[in-house]
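There are 2 protein chains.
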Amino acid sequence: MSATIHRLDPTRPDPSLDPMVKLVAGDMNAVNAVILGRMQSDIPLIPELAGHLIAGGGKRMRPMLTLASARLIGYTGSRHHRLAAAVEFIHTATLLHDDVVDGSDMRRGKRAANLIWGNPASVLVGDFLFSRSFELMVEDGSLKVLKILSSTSAIIAEGEVNQLTAARQVDIAEERYLDIIVAKTAALFAAACRIAAVVAERSEAEEAALDAYGRNLGIAFQLVDDAIDYVSDAGTMGKDIGDDFREGKMTLPVILAYARGGLDDRKFWKDAVEGRRDTDADLAHAIDLIRSTRAVDDTLARARHYGQRAIDAIGGFANSAAKDAMIEAVEFAVARAY
Amino acid sequence: MSATIHRLDPTRPDPSLDPMVKLVAGDMNAVNAVILGRMQSDIPLIPELAGHLIAGGGKRMRPMLTLASARLIGYTGSRHHRLAAAVEFIHTATLLHDDVVDGSDMRRGKRAANLIWGNPASVLVGDFLFSRSFELMVEDGSLKVLKILSSTSAIIAEGEVNQLTAARQVDIAEERYLDIIVAKTAALFAAACRIAAVVAERSEAEEAALDAYGRNLGIAFQLVDDAIDYVSDAGTMGKDIGDDFREGKMTLPVILAYARGGLDDRKFWKDAVEGRRDTDADLAHAIDLIRSTRAVDDTLARARHYGQRAIDAIGGFANSAAKDAMIEAVEFAVARAY
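Read top to bottom, the protein sequences are chains E and Y.
The end of the first sequence is residue 350 by this note's numbering, with every number in the run present.
The end of the second sequence is residue 350 by this note's numbering, with every number in the run present.
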């Protein structure tokens with residue numbers, strides 16, 4: 013691996029996922045064919061509900077990372093198509109269960125599946141997709157991939173339970189918040205990238221480099237997502253502004269605003285997080301406090317820190333279109349809230 | 013394999029699971045150690061909630077079947093301990109999600125976990141246990157076992173969705189009901205038995221024989237469970253009598269009573285299944301109709317049919333204490349409602 017220095021450029025105009033999308037477009041067609049084929053079932057409700065979410069868009073970020081990572085290391089086989097689909101099924105199952113857990117109204121700009129078909133159907137179709145993802149891995153036959161993705165799945169579930177038990181408690185430390193987002197988001201980003209090196213039979217060092225890229229990108233991605241919930245002109249996320257606020261979710265903007273607030277502000281945050289302040293006026297006041305304490309700015313600064321680490325993690329790979337696309341994907345991830 | 017004829021004896025006094033429990037007691041200690049060790053997590057809610065259900069008893073029927081099957085074929089290793097724990101984790105995850113889906117009040121004679129900790133926690137801890145079960149299988153390292161249990165998990169989820177879409181519809185045929193109970197119950201019984209032959213590296217024929225034993229026992233078991241819900245002096249199931257009735261669940265007693273009923277009776281069943289009759293008086297009337305149409309008797313006759321097939325499936329194995337215990341387990345399963 014030869015060293016090249018890339019600095020994350022937060023001023024690059026309109027960073028975009030397009031280079032990565034174009035890079036993997038052919039592979040993604042193959043992945044989509046697996047996804048569509050394997051969400052089928054003799055029980056009509058299963059493809060109907062799964063299709064609502066899967067066909068409903070989403071960036072296919074995680075399978076795209078598997079495909080881009082494979083391209084970065086020059087893998088020329090096709091085993092990663094099935095495994096990228098398995099990763100997307102794990103993610104989709106998690107979204108279906110999350111929406112039940114959070115009582116969400118919207119997902120990817122559409123009504124959440126649980127509002128249309130009910131919580132029971134969302135729970136069970138999630139279980140189905142989760143099982144299917146393991147079937148896909150078993151068909152591939154790599155015990156190493158199975159180990160990575162089964163342990164990642166357990167970590168995701170632990171992260172979700174950790175988040176659940178942290179909800180509506182104002183006294184959550186930044187460290188615990190980081191543990192939660194690493195588990196519930198970054199771990200699957202890391203695994204999605206790492207398995208490309210596994211099927212390509214590359215060194216532990218290359219596996220670890222791709223894992224670190226995905227993990228740091230995932231952290232940055234979640235930090236920015238959590239910032240966007242308090243930035244009123246975002247509009248592109250397909251979820252309602254203020255959702256996290258009304259759910260009393262302890263995300264970094266709130267953690268910083270609480271830590272930096274005076275006694276009155278702390279009282280407000282405690283009331284809000286515990287569910288006693290959830291009007292539009294309360295949300296507006298929360299956004300004011302977050303702005304005056306620079307809590308969003310510093311959440312985004314944290315995101316850039318992890319973004320830079322993601323870029324450095326793949327610094328040792330030779331320069332290529334894949335590497336450029338992976339760097340711009342990081343810049344896209346951290347720039348979304350500007 | 014040498015042939016011996018065993019007839020299921022529905023008149024055997026007090027058939028019991030005790031011989032099977034005693035047969036595998038030593039092995040079950042090892043399985044319980046795996047279960048207790050692997051339900052741990054740094055997130056305290058996980059072992060707390062999982063422990064409520066797991067320590068809360070249950071017969072450990074499925075892991076017991078793995079252990080008894082291994083004994084039947086003379087397997088002397090210990091790989092089946094971890095895999096029996098994996099099977100129990102799949103079952104436990106399914107129970108946690110079932111209770112959310114059904115809105116159950118009771119499970120194994122205790123308050124259902126979702127009533128104590130809420131639906132979100134039950135969904136997520138179920139996901140955790142499901143992931144852990146795959147981690148256990150990966151540690152064992154048999155792709156064949158992974159294939160059997162991942163496809164079984166998908167079949168269980170499909171069966172649950174099938175049952176969900178059949179709920180509150182009086183016009184469900186016996187064939188569809190059978191499809192549902194094979195998928196949601198019998199498939200895991202079959203897999204639990206089959207994997208013993210896989211780790212022992214026995215012939216496809218022995219695998220298939222154990223699969224058929226488990227599958228038919230599972231069907232018989234579920235048929236009797238469904239009958240018990242309409243037998244008012246049962247009391248040993250840890251669930252409330254009439255639960256299925258109030259949920260509008262189309263089980264075989266209802267299917268037979270509806271099919272055999274006059275116009276008035278059919279109207280009653282349609283109203284009940286669609287949720288317009290759910291008082292204690294309605295339940296008493298339903299039990300009367302089920303009695304007068306012999307719907308429970310014939311549900312139990314169907315159970316004996318599958319019980320006999322389970323016994324015949326292992327007819328070719330040499331006589332042994334294990335075989336006697338497996339035959340008596342069938343007799344226990346079909347006798348529970350007498």
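Ideal Cβ positions, reconstructed from N, Cα and C, are used throughout, including at glycine.
Going along the chain, which residues of its own chain have a beta-carbon closer than 6 angstroms to the beta-carbon of residue i, five neighbours each way excluded?
{"i": "Y/R120", "result": "G68, G69, G70 and G250"}
{"i": "Y/R289", "result": "D283"}
{"i": "E/G364", "result": "Nothing about residue 364 of chain E can be reported from this structure: the residues present for chain E run from 13 to 350 only."}
{"i": "Y/A347", "result": "P27"}
{"i": "Y/K34", "result": "none"}
{"i": "Y/S81", "result": "C205, A208 and L222"}
{"i": "E/A315", "result": "A232, L235, V236 and V346"}
{"i": "Y/H297", "result": "none"}
{"i": "E/Q94", "result": "First, the amino acid is wrong: residue 94 of chain E is Arg here, not Gln. The residues are V46, L148 and D152."}
{"i": "E/W129", "result": "L61"}
{"i": "E/E286", "result": "R180"}
{"i": "Y/G247", "result": "With a pLDDT of 46 at Y/G247, under the threshold of 50, the modelled position of this residue cannot be trusted; read the value that follows with caution. Once the five neighbours on either side are set aside, Y/G247 has no close Cβ partner at all."}
{"i": "E/D300", "result": "none"}
Can you give me the Cβ contacts of residue i inside the same chain, cut-off strictly under 7 angstroms, excluding the 5 residues immediately before and after it?
{"i": "Y/R91", "result": "D152 and V211"}
{"i": "E/A345", "result": "L229, A232, F233, V236 and G319"}
{"i": "Y/E216", "result": "none"}
{"i": "Y/S154", "result": "V210 and V211"}
{"i": "Y/R24", "result": "E343"}
{"i": "E/G63", "result": "M51"}
{"i": "E/A333", "result": "L35"}
{"i": "Y/T305", "result": "L268, A269, R272 and G273"}
{"i": "E/H18", "result": "I323, G327 and I339"}
{"i": "Y/D39", "result": "L79 and H93"}
{"i": "E/R1", "result": "As displayed, chain E neither begins before 13 nor continues past 350, which places residue 1 of chain E out of reach and without an answer."}
{"i": "Y/L29", "result": "K71, A341 and F344"}
{"i": "E/M13", "result": "At E/M13, the pLDDT of 48 sits below 50, so the modelled position is not reliable; the number obtained from the coordinates is stated separately. So the list reads G328 and F329, once near-sequence residues are dropped."}
Given residue i, which residues of its chain have a CB within under 8 angstroms of its CB, disregarding the five upstream and five downstream residues?
{"i": "E/P265", "result": "D238, A239, D241, Y242, I302, A307, V308 and T311"}
{"i": "E/N131", "result": "V112"}
{"i": "E/S5", "result": "It is not possible to answer for residue 5 of chain E, since the shown part of chain E is limited to 13 through 350."}
{"i": "Y/L158", "result": "F146, M149 and V150"}
{"i": "E/H103", "result": "R74 and L200"}
{"i": "E/I85", "result": "A208, A209, A212, R214, E218, L222 and F329"}
{"i": "Y/V135", "result": "L108, H109 and V112"}
{"i": "Y/M32", "result": "M76, A80, A337, M338, E340 and A341"}
{"i": "E/R123", "result": "D117"}
On the DSSP bridge list, what partners appear for residue i?
{"i": "Y/M118", "result": "Y/R123"}
How would you label residue i, buried or exposed, when you count the other beta carbons within 10 angstroms and need 16 or more for buried?
{"i": "E/L235", "result": "buried"}
{"i": "E/E147", "result": "buried"}
{"i": "E/D276", "result": "exposed"}
{"i": "Y/T263", "result": "buried"}
{"i": "E/A98", "result": "buried"}
{"i": "Y/D114", "result": "buried"}
{"i": "Y/E213", "result": "exposed"}
{"i": "E/T78", "result": "buried"}
{"i": "Y/I160", "result": "buried"}
{"i": "E/G260", "result": "buried"}
{"i": "Y/E175", "result": "The sequence as given places Gln at residue 175 of chain Y; Glu does not occur at that position. Y/Q175 comes out buried."}
{"i": "Y/N126", "result": "buried"}
{"i": "Y/K335", "result": "buried"}
{"i": "E/A271", "result": "exposed"}
{"i": "Y/D256", "result": "buried"}
{"i": "Y/G354", "result": "Nothing can be reported for residue 354 of chain Y: it is not among the residues displayed for chain Y, which extend from 13 to 350."}
{"i": "E/A202", "result": "buried"}
- Item | Segment contact, 8 angstroms Cβ cut-off, at least three pairs: the region 305-317 of chain E with the region 193-204 of chain E | A contact between stretches requires three or more CB pairs, one per stretch, nearer than 8 angstroms, and the region 305-317 of chain E fails this requirement with the region 193-204 of chain E.
- Query: So, do the region 206-221 of chain Y and the region 169-176 of chain Y have three or more beta carbon pairs nearer to each other than 8 angstroms?
  - Reply: Result no; under three Cβ-Cβ pairs closer than 8 angstroms.
- Query: Between the region 217-229 of chain E and the region 321-328 of chain E, do at least 3 Cβ pairs fall closer than 8 angstroms?
  - Reply: Touching, yes, given that three or more Cβ pairs across the two stretches are closer than 8 angstroms.
- Are there three or more Cβ pairs, one per stretch, closer than 8 angstroms when the region 135-150 of chain Y is compared with the region 108-116 of chain Y? Three or more pairs of CB atoms, one per stretch, sit closer than 8 angstroms, so the region 135-150 of chain Y contacts the region 108-116 of chain Y.
- Message: Give the list of continuous alpha helix (DSSP H) stretches no shorter than 4 residues that lie fully inside the region 47-134 of chain Y.
- Response: Secondary structure remark: continuous alpha helix (DSSP H) runs of at least 4 residues inside the region 47-134 of chain Y, in chain order: 57-66, 73-84, 91-114 and 125-129.
- Count the C-beta pairs between the region 33-43 of chain E and the region 173-189 of chain E that are closer than 8 angstroms, then say yes if the count reaches three, no if not. Cβ pair count under 8 angstroms is below three, so no.
- If you scan the region 198-228 of chain Y from start to end, which runs of the alpha helix (DSSP H) of 4 or more residues do you find wholly inside it? Counting only runs that start and end inside the region 198-228 of chain Y, the alpha helix (DSSP H) elements of at least 4 residues fall at 199-211.
- Item | Continuous beta strand (DSSP E) assignments of at least 3 residues falling wholly in the region 242-304 of chain Y | Considered as a whole, the region 242-304 of chain Y harbours no complete run of any beta strand (DSSP E) with no fewer than 3 residues.
- Query: Which runs of the alpha helix (DSSP H) fall wholly inside the region 128-195 of chain E and span at least 4 residues, in chain order?
  - Reply: Along the region 128-195 of chain E, the alpha helix (DSSP H) occurs as fully enclosed runs of 4 or more residues at 131-152, 155-178 and 186-193, listed in sequence order.
- Query: What are the start and end residues of each continuous alpha helix (DSSP H) run of 4 or more residues lying completely inside the region 304-337 of chain Y, in chain order?
  - Reply: Within the region 304-337 of chain Y, the complete alpha helix (DSSP H) runs of at least 4 residues are 307-325.
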